[in-house]
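Q:
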Amino acid sequence: MTALDTGDISFLVVCTLLVFLMTPGLALFYGGMVRKRNVLSIMMQSYAAMGIVTVIWVLFGYSLAFGSDYGHIIGGLDWLGLKGVGLTPNPDYAPTIPHLLFFLFQLMFAIITPAVISGATAERMRFTAFVLFIIFWSTFVYIPLAHWVWGVGGWMRNLGVLDFAGGTVVEVASGVSGLVAAYVLGKRLKIGYEWNIPHHMPNVLFGGGLLWFGWFGFNSGGAMGANGVAVLALGTTQIAGATGMIGWAMLEWLHRRQITVFGAVSGIISALVAITPAAGYVSTVSALLIGFVAGGICYLAVSILKAKLGYDDALDVFGIHGIGGTWGTIATGIFADLSLNPQGKNGWINGGGFEPVLIQLSAVIATYLFVGIMTFVILKGIAVITPLRASDEEQVNGLDLTQHREKAYPDFELSENVYM
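This is the structure:
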């Protein structure tokens, strides 16, 4: 028997709004990181995701992700057009809140994931191509992966994979897709003083702060109610973010003898990514370590691995989301504590043996393979329909002007021409 709980409803409404705020926050974060002539184009890609994914999710996306299982691979069409998704609870997913509210909460995750990917192809992907990418990627990558991990009957869920708030579905998926997209589109055209990126650090800091703020809803909402697990996720999110900043800063100091503002906010985001799959399963002390390690390894990925492999992931989607999500997903199998969450299990250090780590690792490998292959196929398919990459002339003039016929800073046209 299920019954609505007004406390849980209120809590999930707030969490849903917090996760929604993350996408405009991401737009601001990314907008500050690019050059002046590309600010509107990268921000618009986040807003495009908000519109396009909402329609997909209403028409068929939610049903295929969370509907009746078919072969442990995909959901059915039970809730096509949100038929039957109303104000009564669904006992399989959230027994104390309206089914429609669960749909809305999940929708916010579906929106921000392709928006995150846009950072890898910033300053060179044409808007038409990105719109098609959102449609195809959401349909053929995000929806099946969400069903595997979170849908009743999904094979990763049946295997026992722990992913509290999207370590594989959101973070690893967006990171790997970003890496593949960066390789497929190639490097940006170098124009002027490349070290002028990011062009507006206050926006980067403000956008990063909005992301951290929204992440409380992102992770705590995974508890599906106002309960102790939600409080645990709130605590681990804050703690990991703080130690991620410290971990990045320490390694940056050892490597370059400087601590940058950009590095500090990058460390925070890296750790928030890493704690996402573990937030409701691990202790606050474990969160300290998960966040600290995430800051360090993501710094190495951005500052060393990227240069070694020679890819142009413009805003470091793979280095932060891919690497951070990989570490966090594996770390969940190491640090999970059944005493904190009866829906979890004991990880390696709590007597669960090495099996939980292997299960989490298998989820990471499967996600890398599936997402990597599908993203490559989707991009190559789109290239048959329309060019993926802006021309050299379009990149010189900026995507704001060539894709949208607008400029973010029209009063500073002269300085843009001189310095950018």
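Numbered per my numbering, the sequence shown spans residues 2 to 421.
Cβ coordinates follow ideal geometry from the N, Cα and C atoms, glycine included.
1) Can residue 318 and residue 117 be called in contact, C-beta distance under 9 Å?
2) Run the CB neighbour count on residue 89, radius 10 Å, all protein chains shown included, and call it buried at 16 or more, exposed below.
3) Going straight from the alpha carbon of residue 417 to that of residue 71, what length do you get?
4) Return the chain-ordered list of same chain residues with a C-beta closer than 6 Å to the C-beta of residue 147, the five sequence neighbours on each side being excluded.
5) Could you tell me the alpha carbon to alpha carbon distance between residue 359 and residue 405, rounded to whole angstroms?
6) Closest to residue 323 by C-alpha separation, out of 332, 341, 299, would be which residue?
7) What three-state label does DSSP hand residue 401 in the structure shown?
8) Please say whether residue 325 and residue 211 have beta carbons closer to each other than 9 Å?
9) Out of 104, 130, 83, 207, state which residue places its alpha-carbon closest to the alpha-carbon of residue 24.
10) Comparing C-alpha positions only, which one of 221, 177, 47 sits nearest to residue 15?
11) What span of residues does the alpha helix (DSSP H) with residue 40 cover, start to end?
12) Which runs of the beta strand (DSSP E) at least 3 residues long sit entirely within the segment 268-317? Give them in chain order.
13) Taking C-alpha atoms, which residue in 145, 237, 310 lies nearest to residue 217?
14) In the DSSP output, what is residue 71 paired with across the bridge?
15) For residue 126, list the residues DSSP reports as bridge partners.
16) Since residue 166 contacts residue 278 with CB under 8 Å, what's their CB separation in whole angstroms?
17) Please list, in chain order, all residues of the same chain as residue 60 whose beta carbon is under 8 Å from its beta carbon, the five residues on each side excluded.
18) Is it right to say residue 258 is buried, meaning 16 or more other beta carbons lie within 10 angstroms of its own, or is it exposed?
19) Out of 9, 295, 158, 263, state which residue places its alpha-carbon closest to the alpha-carbon of residue 106.
20) Anyone know if the C-beta pair for residue 389 and residue 126 falls short of 9 Å?
21) Can you tell me the Cα-Cα spacing of residue 234 and residue 19, whole angstroms?
22) Give the C-beta separation of residue 86 and residue 104 to the nearest angstrom, bearing in mind that I take them to be a contact with Cβ-Cβ under 8 Å.
23) Let me make sure I understand the geometry here. Which of 382, 40, 138 has the alpha-carbon closest to that of residue 53?
24) Is DSSP giving residue 409 helix, strand or coil here?
25) Buried or exposed for residue 134, please, with buried defined as at least 16 other CB atoms from any protein chain shown within 10 angstroms of its CB.
26) Of the choices 47, 121, 378, whose alpha-carbon is the least far from that of residue 113?
27) Determine the extent of the alpha helix (DSSP H) in which residue 91 is found, giving its start and end residues.
28) At a cut of 8 Å, does the segment 333-340 reach the segment 270-289 through at least three beta carbon pairs?
29) Let me confirm a value: residue 254 is counted as buried when at least 16 other C-beta atoms fall within 10 Å, else exposed. Which label applies?
30) Beta-carbon within less than 6 Å of residue 144's beta-carbon, same chain only, minus the 5 sequence neighbours each way: which residues are those?
31) For the candidate residues 342, 380, 369, 395, whose alpha-carbon lies nearest to that of residue 175?
32) Do you know offhand how far residue 411's Cα is from residue 203's?
33) Let's test the definition: count the other Cβ atoms within 10 Å of the Cβ of residue 37 and tell me whether it reaches 16, buried, or not, exposed.
34) Tell me the DSSP secondary structure of residue 342 in three-state form.
35) What residue does the alpha helix (DSSP H) around residue 355 start on, and which one ends it?
36) Would you call the CB atoms of residue 248 and residue 273 closer than 9 Å?
A: A quick look at the data gives this:
1) yes
2) exposed
3) Residue placement at residue 417 is poorly supported in this model, since its pLDDT is 47, which falls under 50; the coordinates still yield a value, given next. Residue 417 and residue 71: Cα-Cα distance of roughly 54 Å.
4) 66, 170
5) 47 Å
6) 299
7) helix
8) no
9) 207
10) 221
11) 40-57
12) none
13) 237
14) 75
15) 390
16) 7 Å
17) 81, 82
18) exposed
19) 9
20) yes
21) 14 Å
22) 5 Å
23) 138
24) coil
25) buried
26) 47
27) Careful: residue 91 lies outside any alpha helix (DSSP H) and carries neither H nor E.
28) yes
29) exposed
30) 62, 65, 66
31) 369
32) 19 Å
33) buried
34) coil
35) Careful: residue 355 lies outside any alpha helix (DSSP H) and carries neither H nor E.
36) no
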